[in-house]
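Peer 1: Handing you this structure, nothing more for now.
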Amino acid sequence: MTVPRGWQFFMHPGPTNIPYRVLQAMARPSVDFTGPEFVALRDRSLERMKPILKTKEGFVITYAASGNGAWDASIANLFSPGDKVLVPQTGFFADRWSNTARAYGLEVEALPTTERRPVDPDTVGRILAADTQGRIKAVMLIQNETATGMRHPVAEVRAVMNRLGHPALYLVDTISSLASYDFRMDEWGVDLVIGGSQKGLMLPPGMAFTAINGRAWEAAQTTRNTRRYWDWRPMVENGRQVAFCGTPPIAHFFGLEASLDMIEEEGLENVFARHRRLANATRACVRHWGQGGGLEIYSLDADAASDSLTAVLMPAGHDADRVRTIASERYGVALGRGLTTLQGRVFRIGHMGDLNEPMLLGALGAIELALADAGVPHARGGVDAAMDALRAAAAPRKAAVAA
48 MTVPRGWQFF
58 MHPGPTNIPY
68 RVLQAMARPS
78 VDFTGPEFVA
88 LRDRSLERMK
98 PILKTKEGFV
108 ITYAASGNGA
118 WDASIANLFS
128 PGDKVLVPQT
138 GFFADRWSNT
148 ARAYGLEVEA
158 LPTTERRPVD
168 PDTVGRILAA
178 DTQGRIKAVM
188 LIQNETATGM
198 RHPVAEVRAV
208 MNRLGHPALY
218 LVDTISSLAS
228 YDFRMDEWGV
238 DLVIGGSQKG
248 LMLPPGMAFT
258 AINGRAWEAA
268 QTTRNTRRYW
278 DWRPMVENGR
288 QVAFCGTPPI
298 AHFFGLEASL
308 DMIEEEGLEN
318 VFARHRRLAN
328 ATRACVRHWG
338 QGGGLEIYSL
348 DADAASDSLT
358 AVLMPAGHDA
368 DRVRTIASER
378 YGVALGRGLT
388 TLQGRVFRIG
398 HMGDLNEPML
408 LGALGAIELA
418 LADAGVPHAR
428 GGVDAAMDAL
438 RAAAAPRKAA
448 VAA
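Residues are numbered in our numbering as their position in the sequence shown, beginning at 1, plus a constant of 47.
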């Protein structure tokens with residue numbers, strides 16, 4: 048039996064690597080969550096989340112839950128049984144959010160999206176334009192579909208809604224995009240945002256949140272869904288969270304403060320630039336591999352390829368899970384698997400959160416070894432292509448520093 052040494056390169060698209068600084072911040076005894084120390088921590092952390100969301104109008108409500116809990120909270124608070132919502136079908140996670148809505152008695156209109164392409168805002172517009180009686184109460188969109196490695200046009204969909212004057216609420220899931228690339232809650236007119244701790248915020252799973260604006264808060268006052276655990280009303284006073292639906296995720300708040308420190312020290316726009324740099328290097332590597340066989344980036348639209356992760360589509364007759372197994376067991380690199388219809392067809396390389404160039408290059412080199420061991424046709428030298436992309440990205444930064 049091979050005894051592994053060194054660190055596993057954890058390249059999942061969530062949960063992501065947890066920085067030592069965050070781990071150390073969380074490693075502390077329990078505190079009284081009604082006491083002044085924790086209350087002050089809660090208040091300042093939730094206030095510091097607003098610049099990440101780019102909101103001054105909205106506020107954040109947190110839960111001890113995974114992202115699935117935030118989905119529940121969004122549906123339970125905003126809708127009544129029989130309400131209709133429009134959900135563009137971006138992949139596995141849009142399907143899961145749709146199923147949450149159905150479980151609460153909502154009517155879901157699932158809008159098909161062309162495979163390997165982003166949501167078409169004009170198609171959303173045609174559905175809304177035909178809704179002359181205003182039955183559609185909300186549009187629910189995933190900004191970054193983690194299953195496919197694709198980003199979807201949040202601002203453009205809102206622009207269509209505005210042009211039509213449709214009164215639907217706008218709900219956006221940012222679980223695998225927030226703090227990885229740009230999101231603008233106020234500017235893009237988003238009424239509710241779904242988020243989680245275990246991706247760009249660099250925390251363990253177990254803390255979820257919804258950010259809501261005044262429209263969402265007003266809607267929540269009259270809806271008729273059962274919502275004892277998720278009910279916002281007893282948790283919020285004067286536009287801020289003051290209580291929890293049970294015991295809060297105490298340790299996560301200490302970790303969140305450390306994570307926010309790290310993001311602010313790097314600068315949010317620099318965080319975005321780093322994610323774009325690593326994403327471009329990964330995509331350059333995959334495109335190079337594809338010159339020698341059938342490997343492809345899943346997104347057919349280069350502008351829609353995610354900066355959080357890259358989904359790699361295998362050539363026919365080759366199993367992505369075999370590549371993943373070899374990468375993990377022989378070379379110590381953990382990759383994400385394909386979900387539902389994509390299982391065995393894709394593997395997913397996460398490049399979000401606490402990650403830098405050497406970590407990415409090491410992982411890509413190990414994946415190239417695994418492709419060779421699995422007999423997958425590919426062009427050797429993908430890591431060289433990634434390095435070329437990183438050099439090209441570094442040149443403008445050097446020029447800016449020199450100037």
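Glycine included, C-beta positions come from ideal geometry on N, C-alpha and C. Since this is a predicted model, take the numbers as computed values, not measurements.
With a threshold of 16 other CB atoms inside 10 Å of the CB of glutamine 180, please say whether the residue is buried or exposed.
Peer 2: What you label residue 180 is simply residue 133 of the sequence shown in a count that begins at 1. With fewer than 16 other Cβ atoms within 10 Å, it is exposed.
Peer 1: The alpha helix (DSSP H) with isoleucine 222 in it runs from where to where?
Peer 2: Residue 222 sits at position 175 when you count from the first residue of the sequence shown. Unbroken run through isoleucine 222: none, as it is neither H nor E.
Peer 1: Comparing C-alpha positions only, which one of Met434, Leu216 and Asp229 sits nearest to glycine 314?
Peer 2: Taking the sequence shown and counting its residues from 1, one reaches residue 314 at position 267. For the residues Met434, Leu216 and Asp229, the minimum Cα distance to glycine 314 belongs to Asp229.
Peer 1: Assign serine 498 to buried or exposed, taking buried as 16 or more other Cβ atoms, counted over all protein chains shown, within 10 Å of its Cβ.
Peer 2: Since the first residue shown for the chain is 48 and the last is 450, residue 498 is missing from the structure and cannot be characterised.
Peer 1: So which of Asp278, Phe57, Asn272 and Arg271 has the shortest CA-CA distance to alanine 257?
Peer 2: Taking the sequence shown and counting its residues from 1, one reaches residue 257 at position 210. In the sequence as displayed, the identity of residue 257 is threonine instead of alanine. The candidate whose alpha carbon is nearest that of threonine 257 is Asp278.
Peer 1: Is the region 192-207 touching the region 249-268 in the sense that three or more CB pairs, one from each, lie closer than 8 Å?
Peer 2: Cβ pair count under 8 Å is below three, so no.
Peer 1: Considering alanine 185, what are the terminal residues of the beta strand (DSSP E) in which it resides?
Peer 2: Mapped onto the sequence shown, residue 185 falls at position 138. It spans 183-189 - the beta strand (DSSP E) in which alanine 185 sits, taken as one unbroken run.
Peer 1: Count the CB pairs spanning the region 101-116 and the region 159-176 that are closer than 8 Å, and state whether there are at least three.
Peer 2: With the cut-off at 8 Å, the region 101-116 and the region 159-176 do not touch.
Peer 1: Do you know how far the Cα of leucine 307 is from the Cα of arginine 173?
Peer 2: The residue given as residue 173 occupies position 126 in the sequence shown. The residue given as residue 307 occupies position 260 in the sequence shown. If I take the Cα positions, the gap works out to 40 Å.
Peer 1: Could you say which of Thr387, Ala351, Ile414 and Leu360 lies nearest to alanine 381 if we only look at CA atoms?
Peer 2: Taking the first residue of the sequence shown as 1, we reach residue 381 at position 334. Cα-wise, what sits closest to alanine 381 is Ile414.
Peer 1: Can you tell me which of the three DSSP states glutamate 265 falls into?
Peer 2: As a working note, residue 265 is residue 218 in the sequence shown. Three-state DSSP puts glutamate 265 in a helix.
Peer 1: Skipping 5 residues on each side, what residues in its chain have a beta carbon closer than 6 Å to that of glycine 243?
Peer 2: Stepping through the sequence shown from its first residue, residue 243 is reached at position 196. Counting only Cβ-Cβ distances below 6 Å, and skipping sequence neighbours, we find Gly114, Ile222 and Ala255.
Peer 1: Between the C-alpha atoms of histidine 213 and leucine 175, what's the straight-line distance to the nearest angstrom?
Peer 2: The residue given as residue 213 occupies position 166 in the sequence shown. The residue given as residue 175 occupies position 128 in the sequence shown. Rounded to whole angstroms, histidine 213 to leucine 175 spans 7 Å at the Cα level.
Peer 1: Pick helix, strand or coil for glycine 243, following the three-state DSSP scheme.
Peer 2: The residue given as residue 243 occupies position 196 in the sequence shown. In the structure shown, glycine 243 sits in a strand (DSSP, three-state: E or B).
Peer 1: What are the start and end residues of each continuous alpha helix (DSSP H) run of 4 or more residues lying completely inside the region 403-428, in chain order?
Peer 2: Counting only runs of 4 or more, we get 404-420.
Peer 1: Is it right to say arginine 321 is buried, meaning 16 or more other beta carbons lie within 10 angstroms of its own, or is it exposed?
Peer 2: Taking the sequence shown and counting its residues from 1, the one referred to as residue 321 is at position 274. Classification for arginine 321: buried.
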